[in-house]
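*Asks:*
Protein chains: 2
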Amino acid sequence: MKVGIFGTGNVGRTMAERFLADENEVMIGTRNVRNTLEREDRDNPGHLSYQEWQKKHPQIRLGTFAETAAFGDIVVLATLGNATQHAIDMAGVKNFASKIVIDMTNPLDFSNGIPPRFTGTLGNSLGEQIQKLLPEAKVVKAFNSVSVQIVVNPKREEGDPVMFIAGDDESAKQTVSEIAKKWGWKDLVDFGSITESYFLEAFAMMWIHYAFKNNSWTHAFKFLRK
Amino acid sequence: MKVGIFGTGNVGRTMAERFLADENEVMIGTRNVRNTLEREDRDNPGHLSYQEWQKKHPQIRLGTFAETAAFGDIVVLATLGNATQHAIDMAGVKNFASKIVIDMTNPLDFSNGIPPRFTGTLGNSLGEQIQKLLPEAKVVKAFNSVSVQIVVNPKREEGDPVMFIAGDDESAKQTVSEIAKKWGWKDLVDFGSITESYFLEAFAMMWIHYAFKNNSWTHAFKFLRK
Numbered sequence: 001m002k003v004g005i006f007g008t009g010n011v012g013r014t015m016a017e018r019f020l021a022d023e024n025e026v027m028i029g030t031r032n033v034r035n036t037l038e039r040e041d042r043d044n045p046g047h048l049s050y051q052e053w054q055k056k057h058p059q060i061r062l063g064t065f066a067e068t069a070a071f072g073d074i075v076v077l078a079t080l081g082n083a084t085q086h087a088i089d090m091a092g093v094k095n096f097a098s099k100i101v102i103d104m105t106n107p108l109d110f111s112n113g114i115p116p117r118f119t120g121t122l123g124n125s126l127g128e129q130i131q132k133l134l135p136e137a138k139v140v141k142a143f144n145s146v147s148v149q150i151v152v153n154p155k156r157e158e159g160d161p162v163m164f165i166a167g168d169d170e171s172a173k174q175t176v177s178e179i180a181k182k183w184g185w186k187d188l189v190d191f192g193s194i195t196e197s198y199f200l201e202a203f204a205m206m207w208i209h210y211a212f213k214n215n216s217w218t219h220a221f222k223f224l225r226k
Numbered sequence: 001m002k003v004g005i006f007g008t009g010n011v012g013r014t015m016a017e018r019f020l021a022d023e024n025e026v027m028i029g030t031r032n033v034r035n036t037l038e039r040e041d042r043d044n045p046g047h048l049s050y051q052e053w054q055k056k057h058p059q060i061r062l063g064t065f066a067e068t069a070a071f072g073d074i075v076v077l078a079t080l081g082n083a084t085q086h087a088i089d090m091a092g093v094k095n096f097a098s099k100i101v102i103d104m105t106n107p108l109d110f111s112n113g114i115p116p117r118f119t120g121t122l123g124n125s126l127g128e129q130i131q132k133l134l135p136e137a138k139v140v141k142a143f144n145s146v147s148v149q150i151v152v153n154p155k156r157e158e159g160d161p162v163m164f165i166a167g168d169d170e171s172a173k174q175t176v177s178e179i180a181k182k183w184g185w186k187d188l189v190d191f192g193s194i195t196e197s198y199f200l201e202a203f204a205m206m207w208i209h210y211a212f213k214n215n216s217w218t219h220a221f222k223f224l225r226k
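Order-wise, the sequence lines are chains A and B. Residue 102 in this note's numbering sits at position 102 of the first sequence; the count goes up by one each step and never skips. Residue 37 in this note's numbering sits at position 37 of the second sequence; the count goes up by one each step and never skips.
Listed below in structure tokens is the structure:
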């Protein structure tokens, strides 16, 4: 499969590595390819600069947002929530037609520092906004409620965490579920249509808020049914 | 201890039975005592009418909201979210001074049927609203994220669920934690000040939404730390 990933940060890179390890072709999308390739800054002391990371992963291509959307059978949105719409605009709506779009974004406002504020709105979740922007794409809200490290390696010492997904297209959800199962997810809950994204985004805030408050990045929720 | 409980529905009654079983004195508060005592309607086929229930539990007193707030060392808010402020107004703010107030409410709008809509607002959660209304009370947001049946009997076949609590007063949170432990809660997470109530209310929506969509009332979340 061809996978296009929007976002050159930790989330996008980790997803890219994982999809590549699964023998997919992977392209990362960015606003300006040359600027990104020249980036030597590290967003976090433990991370590589984009330049360093790209050198480690020569098989992963870097393209514009438009090239990346056109490239992917699956397009993963791993941008900051408030940057997603702009990235889609730059990519061009037509390049998403009939694609599966995995929306990992969350409505966060970092303008007052951390922990970020939640800016989700009932009836206007990011998942819904993206599906409206991309009416011919099959948007699946997924992988937004834990860190990307857990997304690609969900096995926890204390049990199997739950992943909620939502979207209007059943076959797209099925494809995303199969990807998740390959990565080790054992408890996937189809939460319904893309309008349910709001609840997935609200749920994510508990994870995110706890994470920033406690500097914990390894926690997750197991869903007890009885 | 004396426990006053606002709310004559399933939540209030179940909490009343549980506090009584723990050898507390319990009073339930209502708008109009005579009307409530005469109520023969059942809100649910499986439930007793208030009149039937009261006859089964003669030790549990029924009072006005004002009497109930004045009575309790602890006051439990188990009203519908959008009825809470009015109940507090009727009770009189002075009757809550120095009391521990356990806020179990959630910002739900049932006007369009079920599942209810979430009406929570960041920076203006119900927990915060109630603490502002009752500046001399020690409000603890707790027990809002699962059904009352799980609140009073948290043991699940599949593991120990998590309960998040929030509030400004450490000793009040300690008291609520001790009550919860007595009921079987093994994983209590102090989420911080009452301003964190928003996240507890958002978290509750995942439980509530799943419940109404799947007619499931036995699910809960276990918090995996690693």
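Just so you know, even glycine gets a beta-carbon here, dropped at the ideal spot from N, CA and C.
(1) Using beta carbons (cut-off 8 Å, strictly below), is T175 (chain B) in contact with chain A?
(2) Given that a residue counts as buried once 16 or more other Cβ atoms are within 10 Å of its Cβ, and exposed if not, what is D103 (chain A)?
(3) Drop a sphere of 10 angstroms on the beta-carbon of H86 (chain B), count the other beta-carbons inside from all chains shown, and report buried for 16 or more, exposed for fewer.
(4) Which residues in chain A sit within 7 Å of E158 (chain B), going by Cβ to Cβ distance?
(5) Expressed to the nearest angstrom, what Euclidean distance is found between the alpha-carbon atoms of A83 (chain A) and S98 (chain A)?
(6) Within the same chain, show all residues whose beta-carbon is closer than 8 Å to that of D303 (chain A), passing over the 5 residues directly before and after it, in chain order.
(7) Which residue comes first and which comes last in the alpha helix (DSSP H) that contains L126 (chain B)?
(8) Determine, using beta carbons only, whether L126 (chain A) comes closer than 8 Å to chain B.
(9) Applying the 10 Å Cβ sphere with the 16-neighbour rule, what's the burial state of P154 (chain B)?
(10) Using 8 Å for Cβ pairs, my map puts F118 (chain B) next to P135 (chain B). What's the rounded Cβ distance?
(11) Applying the criterion that 16 or more other CB atoms from any shown protein chain within 10 Å of the CB defines a buried residue, is F221 (chain A) buried or exposed?
(12) Alpha carbons only, please: which of A:L133, A:L200, A:Y210 and A:F191 is nearest the one belonging to S197 (chain B)?
(13) Run through DSSP, which three-state label would M1 (chain B) get?
(14) By the three-class DSSP mapping on this structure, what secondary structure does D89 (chain A) have?
(15) Measure from the alpha carbon of E201 (chain B) to the alpha carbon of each residue in B:H219, B:A166, B:K56 and B:W183, then state which is nearest.
(16) Expressed to the nearest angstrom, what Euclidean distance is found between the alpha-carbon atoms of L188 (chain A) and A21 (chain B)?
(17) Quick one, are the C-beta atoms of G4 (chain A) and A78 (chain A) less than 8 Å apart?
(18) Note down, in chain order, every chain A residue with its Cβ under 7 Å from the Cβ of G192 (chain B).
(19) May I ask you to list, following chain order, the residues of the stretch 15-49 of chain A that have a beta carbon less than 9 Å from some beta carbon of chain B?
(20) Would you mind stating whether V148 (chain A) and M1 (chain A) have Cβ atoms separated by less than 8 Å?
(21) Determine the closest residue to T218 (chain A) out of B:R225, B:N215 and B:N214, with distance taken between C-alpha atoms.
(22) If I measure Cβ to Cβ from T105 (chain A) and keep anything under 6 Å in the same chain, skipping five residues before and after, which residues do I get?
(23) Between the C-alpha atoms of V152 (chain B) and D41 (chain B), what's the straight-line distance to the nearest angstrom?
(24) Please classify E17 (chain B): does DSSP put it in a helix, a strand, or coil?
(25) Output the boundary residues of the alpha helix (DSSP H) element that contains T195 (chain B).
(26) Determine the contact status of F212 (chain B) and I150 (chain B), defining contact as a CB-CB distance below 8 Å.
(27) What is the residue span of the alpha helix (DSSP H) that R34 (chain B) lies within?
(28) With a threshold of 8 Å between beta carbons, is M104 (chain B) in contact with chain A?
(29) How would you call E128 (chain A), buried or exposed, if buried means at least 16 neighbouring beta carbons within 10 angstroms?
(30) With a threshold of 16 other CB atoms inside 10 Å of the CB of F110 (chain A), please say whether the residue is buried or exposed.
(31) With a floor of 3 residues, list each beta strand (DSSP E) that falls wholly inside the stretch 100-168 of chain B, ordered by position along the chain.
(32) Does the CB of T218 (chain A) have a neighbour CB from chain B at under 8 Å?
(33) Is there a C-beta anywhere in chain B that falls below 8 Å from the one on R117 (chain A)?
(34) Quick one: which chain B residues come within Cβ less than 7 Å of P161 (chain A)?
(35) Residue range of the beta strand (DSSP E) that K222 (chain A) falls in?
(36) I100 (chain A) and T8 (chain A): beta carbons closer than 8 Å?
*Replies:* Result, derived from the coordinates:
(1) No - not a single Cβ of chain A is within 8 Å of the one on T175 (chain B).
(2) So D103 (chain A) counts as buried.
(3) Counting of Cβ neighbours within 10 angstroms places H86 (chain B) among the exposed residues, the total staying below 16.
(4) Taking a Cβ-Cβ threshold of 7 Å, the residues of chain A close to E158 (chain B) are L224, R225 and K226, in chain order.
(5) In this structure, the alpha-carbon of A83 (chain A) lies about 22 Å from that of S98 (chain A).
(6) Shown here, chain A extends from 1 to 226; a query on residue 303 (chain A) therefore has no answer.
(7) Unbroken alpha helix (DSSP H) run through L126 (chain B): L126 to L133.
(8) Not flagged as an interface residue toward chain B: L126 (chain A), since no C-beta distance is shorter than 8 Å.
(9) Its Cβ being crowded by 16 or more others within 10 Å, P154 (chain B) is buried.
(10) Wrong, their Cβ atoms sit about 26 Å apart, outside the cutoff.
(11) Result: buried.
(12) Per the Cα distances, A:Y210.
(13) M1 (chain B) falls in the coil class under three-state DSSP.
(14) Under the three-state reduction of DSSP, D89 (chain A) is assigned to helix.
(15) Of the listed residues, the one whose Cα sits closest to E201 (chain B) is B:A166.
(16) Approximately 39 Å, taken between the alpha carbons.
(17) The answer is no: Cβ separation not under 8 Å.
(18) Within 7 Å Cβ-Cβ: K213.
(19) Result list empty, no residue passes.
(20) The answer is no: Cβ separation not under 8 Å.
(21) Among B:R225, B:N215 and B:N214, the Cα nearest to that of T218 (chain A) belongs to B:R225.
(22) Only L77, G81, T84 and L126 meet the Cβ criterion.
(23) Approximately 25 Å, taken between the alpha carbons.
(24) In the structure shown, E17 (chain B) falls within a helical segment according to DSSP collapsed to helix, strand and coil.
(25) In the DSSP annotation of this structure, T195 (chain B) is not part of any alpha helix (DSSP H), being labelled neither H nor E.
(26) Cβ atoms of F212 (chain B) and I150 (chain B): not closer than 8 Å.
(27) First-last of the alpha helix (DSSP H) with R34 (chain B): V33 to L37.
(28) No Cβ of chain A is located within less than 8 Å of the beta carbon of M104 (chain B).
(29) Classification of E128 (chain A): buried, given that the 10 Å Cβ count is 16 or more.
(30) With fewer than 16 Cβ atoms within 10 Å of its Cβ, F110 (chain A) is classed as exposed.
(31) You should have 100-103, 138-141 and 162-167.
(32) Answer yes: the Cβ-Cβ gap between T218 (chain A) and chain B drops below 8 Å somewhere.
(33) Yes, its Cβ sits closer than 8 Å to a Cβ of chain B.
(34) Result: L224.
(35) K222 (chain A) -> beta strand (DSSP E) spans A220 to L224.
(36) Result no, Cβ atoms of I100 (chain A) and T8 (chain A) do not sit closer than 8 Å.
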